[in-house]
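Only one structure is covered here, and it is reproduced in the block below.
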Amino acid sequence: MAEKYDFIIVGGGPAGCVLARRLVDCGAVSVLLLEAGPSDWHPLLHMPAGFTKLTGESHSWGYETAPQTGLNGKRVWYPQARVLGGGSSINAQLYTRGNRWDYDNWAAHGCTGWGYDEVLPYFIRCEDNNRYADAWHGQGGPLRVSDVVPHKLTTVFARAAQQAGMRFNPDFNGAEQAGLGYYQVTNRDGRRSSASVCYLRPVIGNELLTMRCKAHVQRIEIAGGRAVAVWVGGQRIEAGREVLLTAGAIGSPRVLLHSGIGPAQHLAEVGVDLVMDAPAVGENLQDHMDVFVVTECAGPHSFDRYKPWYMSAVAGLQYLAFGTGIVASNICDGGGFWYADKSDAAPAPDIQFHFLPGSGLEHGLSPVKNGVTLNSAYLRPRSRGQVRLKSNDPRAKVFIDPNYWGDPHDVGMSLQGFRLARRIMAQPVFRDWMKAEAHPGAAAMSDDDIKDYAYRHAKTDYHPVGTCRMGAAEDPRAVVDPQLRLKGIEGLRVCDSSVMPFVNSSNTNAPTMMIAEKAADMIRADHGI
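Be aware that the sequence shown starts at 3, since it is given in the working numbering, and climbs by one per residue.
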């Protein structure tokens with residue numbers, strides 16, 4: 003007898019975990035959650051600093067980009083989570099949402115119902131904030147959001163930013179985003195607050211929820227213009243009400259393309275039978291790109307002091323005994339948002355900084371014995387890329403082209419952001435703590451010097467979005483409507499970061515969970531549950 007569930011959720015990342023929980027909470031429908039990767043059993047997944055040890059393919063897809071024309075042909079390492087909890091299980095746990103302008107801009111471009119005042123209640127519903135309970139924050143929600151205990155160098159960084167003319171901001175998710183300071187994070191009491199832990203664990207064992215890991219979805223079956231089943235390892239599983247696609251900005255278009263939903267010419271080229279010509283599937287890929295400065299410390303002040311094996315052992319013992327120390331840190335506890343050019347009347351901050359009191363996380367650099375890293379990223383890139391199949395094999399890696407620096411505007415804004423980062427690190431308060439800039443170094447001063455450095459070392463900020471763009475029904479660039487229903491196919495929604503028409507001006511984990519919270523309400527309303 004064929005398996006059948008009311009709702010089949012494809013992808014066990016942040017959005018999938020949120021949807022599964024909210025639908026199970028209805029108490030009236032059966033839910034199947036499918037995750038291609040393993041369960042989140044590994045202890046390192048639950049230690050805040052553990053993500054630094056999980057950079058291989060054990061819990062990610064092992065992607066890299068196509069050669070980036072804007073980066074002189076560089077291929078960028080492009081990890082995307084492949085584990086229950088998705089990015090929330092392996093990210094740096096920063097809790098940021100973007101700003102009012104982001105969501106009002108979505109609404110202005112045809113995403114009715116997605117303005118800031120309409121999405122704010124869903125951010126609030128997610129939260130169990132250990133400090134704030136006000137017009138912008140909630141307490142009692144599933145997601146544990148906490149203050150950090152900042153590293154001593156992060157405190158110096160916050161003071162340096164003020165010396166550089168950037169105000170201190172105690173709450174990037176409150177009334178005003180602009181400013182620098184300390185991030186709130188999705189961990190508490192020395193444990194990561196992933197979506198799988200916060201949303202799924204309370205309902206594991208509920209008879210309405212079936213959860214399968216290492217379940218790679220090959221395709222969605224469409225019959226009579228409706229999504230009726232999914233295929234996993236040669237097995238057909240029926241969907242009584244809807245298939246909900248939550249595989250992320252790379253995974254969701256991949257599943258649609260393998261299901262025959264995408265650009266007709268591309269599908270013919272890779273040998274996938276066409277179900278519906280949908281030229282916008284896989285288009286509109288956006289991401290934030292980092293250009294960073296590494297500064298050598300004047301002494302063993304940073305987390306780099308834990309690089310030797312014996313110091314790592316000490317850190318491990320401290321964590322096991324007290325739940326404190328570097329293992330309990332998310333490694334990136336400071337940063338914030340500012341303007342590339344304060345005089346250009348930008349509607350909101352357009353540069354984000356991530357301060358890391360360590361230097362060992364950037365790939366391809368000559369080692370620094372003891373140092374710190376300050377990342378800078380331009381938040382509203384104009385460059386647009388795409389996701390495409392390389393073959394008709396559902397297990398083959400896909401073609402990913404973020405098109406970094408494809409638009410000259412992005413180049414100029416990135417350079418300005420990088421120079422702001424340098425300005426912060428050059429402030430007097432750092433003089434007793436820092437020796438000299440290690441990368442790119444004092445000799446790299448011109449725009450061409452910095453671009454050459456970026457060609458070799460720029461990296462992703464791990465924020466891909468937009469490949470199943472949301473928009474008005476009449477918008478030919480939109481894959482889904484504002485109810486997140488796939489245009490032209492019934493019983494199929496996309497409910498993750500891939501629906502963002504424009505990348506939000508911050509990290510993307512919190513907005514992805516907000517999207518799923520709002521999607522759950524729309525699904526429940528449509529089905530009367």
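The beta carbon of each residue, even a glycine, is placed where N, CA and C say it ideally should be.
Since we're looking at a predicted model, the values are computed, not measured.
Environment of residue i [buried if 16+ CB atoms lie within 10 Å]
{"i": "Ile206", "result": "exposed"}
{"i": "Met213", "result": "buried"}
{"i": "Phe53", "result": "buried"}
{"i": "Lys461", "result": "buried"}
{"i": "Pro359", "result": "buried"}
{"i": "Met447", "result": "exposed"}
{"i": "Tyr201", "result": "buried"}
{"i": "Tyr312", "result": "exposed"}
{"i": "Gly530", "result": "exposed"}
{"i": "Asp483", "result": "buried"}
{"i": "Pro271", "result": "Before going further, note that residue 271 is Glu rather than Pro in the sequence given. Exposed, because fewer than 16 other Cβ atoms sit within 10 Å of the Cβ of Glu271."}
{"i": "Glu59", "result": "exposed"}
{"i": "Pro369", "result": "exposed"}
{"i": "Ser196", "result": "buried"}
{"i": "Arg169", "result": "exposed"}
{"i": "Val151", "result": "exposed"}
{"i": "Glu476", "result": "exposed"}
{"i": "Trp116", "result": "buried"}
C-beta atoms of residue i and residue j nearer than 9 Å
{"i": "Val293", "j": "Pro383", "result": "no"}
{"i": "Glu519", "j": "Arg24", "result": "yes"}
{"i": "Asp498", "j": "Ala17", "result": "yes"}
{"i": "Val274", "j": "His260", "result": "yes"}
{"i": "Cys215", "j": "Leu86", "result": "yes"}
{"i": "Thr188", "j": "Tyr321", "result": "no"}
{"i": "Glu209", "j": "Lys6", "result": "no"}
{"i": "Cys128", "j": "Met516", "result": "yes"}
{"i": "Gly13", "j": "Ala30", "result": "no"}
{"i": "Gln288", "j": "Val467", "result": "yes"}
{"i": "Gly408", "j": "Gly72", "result": "yes"}
{"i": "Asn418", "j": "Ala163", "result": "Rather than Asn, the amino acid found at residue 418 in this sequence is Gln. In this structure, Ala163 does not lie closer than 9 Å to Gln418 by Cβ."}
{"i": "Gln179", "j": "Gly236", "result": "no"}
{"i": "Ala217", "j": "Val234", "result": "yes"}
{"i": "Asn511", "j": "Ser90", "result": "yes"}
{"i": "Pro265", "j": "Ser500", "result": "no"}
{"i": "Phe339", "j": "Phe355", "result": "yes"}
{"i": "Ala160", "j": "Leu182", "result": "yes"}
{"i": "Asn93", "j": "Asn509", "result": "yes"}
Expected contact under 8 Å - CB spacing of residue i and residue j to nearest Å
{"i": "Leu381", "j": "Ile353", "result": "6 Å"}
{"i": "Val329", "j": "Ala51", "result": "5 Å"}
{"i": "Asp149", "j": "Gln95", "result": "Going by Cβ atoms, the distance from Asp149 to Gln95 rounds to 12 Å, so no, they are not a contact pair."}
{"i": "His441", "j": "Leu367", "result": "6 Å"}
{"i": "Glu373", "j": "Asp434", "result": "Glu is not the amino acid found at residue 373; the sequence shown has Gly there. Contact doesn't hold; Cβ gap of about 15 Å is too wide."}
{"i": "Ala342", "j": "Met415", "result": "5 Å"}
{"i": "Val147", "j": "Asn132", "result": "7 Å"}
{"i": "Arg84", "j": "Ser62", "result": "5 Å"}
{"i": "Ala282", "j": "Pro478", "result": "7 Å"}
{"i": "Ala438", "j": "Ala445", "result": "Contact doesn't hold; Cβ gap of about 11 Å is too wide."}
* **Unbroken stretches of the alpha helix (DSSP H), 4 residues or longer, contained in the stretch 127-168** => List check, alpha helix (DSSP H) in window: 154-165.
* Asked: Could you give the uninterrupted runs of the beta strand (DSSP E) lying entirely in the stretch 376-413, keeping only those of 3 residues or more?
  -> Scanning the stretch 376-413 for uninterrupted beta strand (DSSP E) segments of 3 residues or longer gives 388-390 and 401-403, listed from N- to C-terminal end.
* May I have a chain-ordered list of the beta strand (DSSP E) segments no shorter than 3 residues that lie completely inside the stretch 284-343? => Runs found: 291-299 and 336-340.
* Are there three or more Cβ pairs, one per stretch, closer than 8 Å when the stretch 151-163 is compared with the stretch 331-348? -> Yes, the stretch 151-163 touches the stretch 331-348.
* **Any alpha helix (DSSP H) of 4 or more consecutive residues that is wholly inside the stretch 12-97** => Entirely contained in the stretch 12-97, the alpha helix (DSSP H) runs reaching 4 residues are, in chain order, 16-26 and 89-92.
* Can you give, in chain order, each stretch of the beta strand (DSSP E) that sits fully within the stretch 471-519 and has at least 3 residues? -> Here the runs fully enclosed are 494-496.
* Taking three-plus beta-carbon pairs below 8 Å as touching, is the stretch 242-251 in contact with the stretch 479-498? -> With the cut-off at 8 Å, the stretch 242-251 and the stretch 479-498 touch.
* Asked: Is there contact here, the stretch 249-263 with the stretch 384-395, by at least three beta-carbon pairs under 8 Å?
  -> Yes, since at least three Cβ pairs between the stretch 249-263 and the stretch 384-395 fall closer than 8 Å, the two stretches touch.
* Are at least three pairs of beta-carbons, each pair with one atom in the stretch 391-400 and one in the stretch 412-427, less than 8 Å apart? -> No, they do not touch.
* To do: Would you check if there are 3 or more beta carbon pairs closer than 8 Å linking the stretch 107-126 to the stretch 470-479?
  => Pairwise C-beta distances place the stretch 107-126 in contact with the stretch 470-479, as three or more of them are shorter than 8 Å.
* the stretch 302-317 / the stretch 437-453 touching (three or more Cβ pairs under 8 Å) -> Taking 8 Å as the limit for Cβ pairs, the verdict is that the stretch 437-453 does not touch the stretch 302-317.
* Asked: Curious, which full-length alpha helix (DSSP H) runs of at least 4 residues does the stretch 248-284 contain?
  -> The DSSP assignment places 250-260 and 266-272 as complete runs of the alpha helix (DSSP H) inside the stretch 248-284, in order along the chain (cut-off: 4 residues).
* Minimum length 3: unbroken beta strand (DSSP E) runs contained in the stretch 222-249 -> Whole beta strand (DSSP E) segments, 3+ residues: 228-234 and 237-247.
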